Amino acid sequence: MPLYKVEHVNMMHVERMKVGDIPFAVQLANDENWELAKEDFEFTMKLEPEGCLVLFDDSKRIGLATNVSFDKIAWFGNLVVSETHRNKGAGSLLVEHSIDYLRSRKVQTIGLYAYVERIPFYTRLGFTCDSDFLVLAGTGLSFPPKPNVRLARKTDIKKIVSYDQVCFGASRKKLLEPIILDPDNLCYVYIEDGKVSGYVVAKVYRGVAELGPLACPKKSSGIAVDLLETALNRLKGLEVSMFVPEKESPILSMLEASKFVERFRVARMLHGPRLTDQCTFMAESLERG
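Residue numbers (my numbering): 15 to 303.
What follows is the structure in structure tokens.
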């Protein structure tokens with residue numbers, strides 16, 4: 015059996031994802047009920063053209079992986095292999111190829127969000143558990159206005175990117191700028207003493223919203239709650255999902271009171287040095303950190 019595995023892996027090869035691979039990627043991802051559209055893959059390919067990968071067995075597409083790098087930090091996103099090719103080394107090959115690519119980009123820390131049942135797989139490949147995140151779902155609802163929160167302006171983007179860099183540990187300008195500038199999306203900032211002291215983004219697509227990222231000073235849950243309530247008020251009646259660290263009890267209490275429910279949990283895992291922990295922080299997405 016081990017000989018077969020080695021021979022089979024040697025028949026596989028990885029190529030950069032091309033536009034013609036997107037229908038395959040969408041179908042394979044949605045076989046896992048990930049609810050991804052072609053626009054998701056197009057966006058990730060635009061962010062990191064060399065980091066979106068397709069695995070072939072001879073000439074047949076059998077798997078994919080996506081990666082996005084932000085200077086010294088990168089995020090390993092989607093990983094999926096067709097069911098008939100699992101447990102034959104295909105997933106490990108994609109992860110190892112991704113790590114090699116990201117190291118060539120001088121990335122120091124690679125992060126990912128792992129489903130609980132996949133933690134042992136990523137542990138074998140050198141990742142360690144860092145923290146737990148809850149994936150929550152609910153509906154936007156009414157909240158009163160917050161005096162320190164307002165819609166972000168185009169002139170705020172540079173400040174938001176700078177603030178986010180302190181919280182995340184690297185510049186995510188290439189990710190944040192197009193999201194904030196998209197007229198379908200929302201971005202709110204918390205202004206304190208004339209400065210940005212927090213922000214939240216909501217991505218809206220076909221009547222469904224995904225909240226995140228959010229960042230504000232550590233132990234300032236009141237700012238986080240004000241930002242979230244303002245965004246949820248604007249999203250009133252829409253389905254909303256978000257990714258919240260388990261340790262952020264005040265945020266979770268507010269969301270529970272607002273009838274948000276836990277869909278599942280993921281573990282944030284890291285390959286390399288730990289990330290900064292200076293802010294209250296919610297993920298942008300499972301695919302991009």
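Virtual Cβ for every residue (Gly too), placed ideally from N, Cα, C.
Bear in mind the structure is a predicted one, so any value in this text is a computation, not a measurement.
(message) Just to confirm the assignment, what range does the alpha helix (DSSP H) spanning Thr-137 have?
(response) Residue 137 sits at position 123 when you count from the first residue of the sequence shown. Per DSSP, Thr-137 belongs to the alpha helix (DSSP H) from 133-138.
(request) Identify the continuous beta strand (DSSP E) that holds Arg-30 and give its terminal residues. (result) On the sequence shown, position 16 is the one that residue 30 refers to. Segment 26-30, the beta strand (DSSP E) holding Arg-30.
(message) I need the straight-line Cα distance from Asp-170 to Tyr-213, nearest angstrom please.
(response) Translated into the one-based positions of the sequence shown, residue 170 becomes position 156. Translated into the one-based positions of the sequence shown, residue 213 becomes position 199. If you take the alpha carbons of Asp-170 and Tyr-213, they lie about 10 Å apart.
(request) With DSSP as the reference, label Cys-143 as helix, strand or coil. (result) Position 129 of the sequence shown, counted from the start, is the residue given in the question as residue 143. Under the three-state reduction of DSSP, Cys-143 is assigned to strand.
(message) In chain order, what are the residue ranges of uninterrupted beta strand (DSSP E) at least 3 long that sit wholly in the region 61-103?
(response) Secondary structure within the region 61-103: the beta strand (DSSP E) runs of 3 or more consecutive residues, fully enclosed, are 67-71, 74-84, 87-95 (chain order).
(request) Round the Cβ separation of Thr-294 and Cys-201 to the nearest angstrom and send it over; I've been treating them as touching at under 8 Å. (result) One-based indexing of the sequence shown puts residue 294 at position 280. One-based indexing of the sequence shown puts residue 201 at position 187. At roughly 17 Å, the Cβ-Cβ gap does not stay under 8 Å, so Thr-294 and Cys-201 are not in contact.
(message) So, for Leu-17: in the same chain, excluding its five sequence neighbours on each side, which residues have a beta-carbon less than 7 Å away from its beta-carbon?
(response) Position 3 of the sequence shown, counted from the first residue, corresponds to residue 17. Confidence in Leu-17 is poor, its pLDDT being 32 and thus under 50, which makes the residue's placement too unreliable to answer from.
(request) Report yes or no: do three or more beta-carbon pairs, one from the region 276-294 and one from the region 134-153, lie closer than 8 Å? (result) Touching, yes, given that three or more Cβ pairs across the two stretches are closer than 8 Å.
(request) Would you list the one or two residues that DSSP bridges to Ser-112? (result) Along the sequence shown, read from residue 1 onward, the residue named residue 112 stands at position 98. The beta-bridge partner set that DSSP reports for Ser-112 is empty.
(message) Given this structure, state the Cα-to-Cα distance separating Ala-39 from Leu-116, to the nearest angstrom.
(response) If you number the sequence shown from 1, residue 39 lands on position 25. If you number the sequence shown from 1, residue 116 lands on position 102. Cα to Cα, the separation comes out at about 21 Å.
(message) Could you check whether Phe-157 and Ile-124 sit closer than 7 Å to each other, using their CB atoms as the reference points?
(response) By one-based count along the sequence shown, residue 124 stands at place 110. By one-based count along the sequence shown, residue 157 stands at place 143. In this structure, the beta-carbon distance from Ile-124 to Phe-157 does not fall below 7 Å.
(message) Among the candidates Thr-58, Arg-75, Asp-54, whose CA atom is the shortest distance from the CA of Glu-29?
(response) Here residue 29 refers to the residue found at position 15 of the sequence shown. Just measuring C-alpha positions, the residue of Thr-58, Arg-75, Asp-54 sitting nearest Glu-29 is Arg-75.
(request) Would you kindly work out how many angstroms separate the C-alpha atoms of Met-268 and Ile-237, rounded to a whole number? (result) Here residue 268 refers to the residue found at position 254 of the sequence shown. Here residue 237 refers to the residue found at position 223 of the sequence shown. Going from the Cα of Met-268 to the Cα of Ile-237 covers about 12 Å.
(request) Count the other CB atoms, across all protein chains shown, that sit within 10 Å of the CB of Leu-78; report buried if there are 16 or more and exposed otherwise. (result) By 1-based counting over the sequence shown, the position of residue 78 is 64. Buried.
(request) Determine the extent of the beta strand (DSSP E) in which Val-206 is found, giving its start and end residues. (result) By one-based count along the sequence shown, residue 206 stands at place 192. The residue you asked about is not Val; residue 206 is Glu in the sequence shown. Run containing Glu-206: 200-206, per the beta strand (DSSP E) assignment.
(message) Rounding to the nearest angstrom, what Cα-Cα distance links Leu-246 and Gly-154 in this structure?
(response) On the sequence shown, residue 246 is found 232 positions in, with the first residue counted as 1. On the sequence shown, residue 154 is found 140 positions in, with the first residue counted as 1. Each residue's Cα considered, the two are about 5 Å apart.
(request) Provide the residue span of the beta strand (DSSP E) that contains Glu-224, from first to last. (result) The residue given as residue 224 occupies position 210 in the sequence shown. Looking at the DSSP string, the run of the beta strand (DSSP E) that includes Glu-224 is 222-231.
(request) Identify the continuous alpha helix (DSSP H) that holds Ser-185 and give its terminal residues. (result) Counting from one through the sequence shown, the residue named residue 185 turns up at place 171. Taken as a continuous stretch (DSSP letters only), Ser-185 belongs to no alpha helix (DSSP H), as it is neither H nor E.
(message) What does DSSP give as the partner residue(s) for Pro-259 in the beta ladder?
(response) Position 245 of the sequence shown holds residue 259. Beta-bridge pairing links Pro-259 to Phe-147.
(request) Could you have a look at Pro-16 and say whether DSSP puts it in helix, strand or coil? (result) One-based indexing of the sequence shown puts residue 16 at position 2. For Pro-16, the predicted structure reports a pLDDT of 37, less than 50, and the residue's modelled location is therefore unreliable. A value from the coordinates is still provided. Helix, per DSSP.
(request) Just tell me which of Asn-92, Ser-83, Pro-161, Arg-167 has its CA closest to the CA of Asn-47. (result) The residue labelled residue 47 in the question sits at position 33 within the sequence shown. Per the Cα distances, Asn-92.
(request) Select from Glu-298, Ser-235, Pro-37, Val-68 the residue whose C-alpha is nearest the C-alpha of Met-256. (result) Stepping through the sequence shown from its first residue, residue 256 is reached at position 242. The residue with the shortest Cα to Cα distance from Met-256 is Glu-298.
(request) Could you spell out where the beta strand (DSSP E) holding Glu-243 opens and where it closes? (result) Residue 243 sits at position 229 when you count from the first residue of the sequence shown. Note, Glu-243: premise wrong, no beta strand (DSSP E); alpha helix (DSSP H) at 235-248.
(message) For Ala-51, which residues in the same chain have their Cβ closer than 8 Å to its Cβ, ignoring the five residues on either side in sequence?
(response) Position 37 of the sequence shown, counting from 1, holds the residue named residue 51. Closer than 8 Å at the Cβ level, and outside the excluded window around Ala-51, lie Val-40, Tyr-219.
(request) State buried or exposed for Arg-288, treating a residue as buried only when at least 16 other CB atoms are found within 10 Å of its CB. (result) Residue 288 sits at position 274 when you count from the first residue of the sequence shown. It counts as exposed.
(request) Check whether the region 190-206 touches the region 158-166, taking contact to mean three or more Cβ pairs, one atom from each stretch, closer than 8 Å. (result) Under the 8 Å Cβ criterion, the region 190-206 counts as touching the region 158-166, having at least three qualifying pairs.
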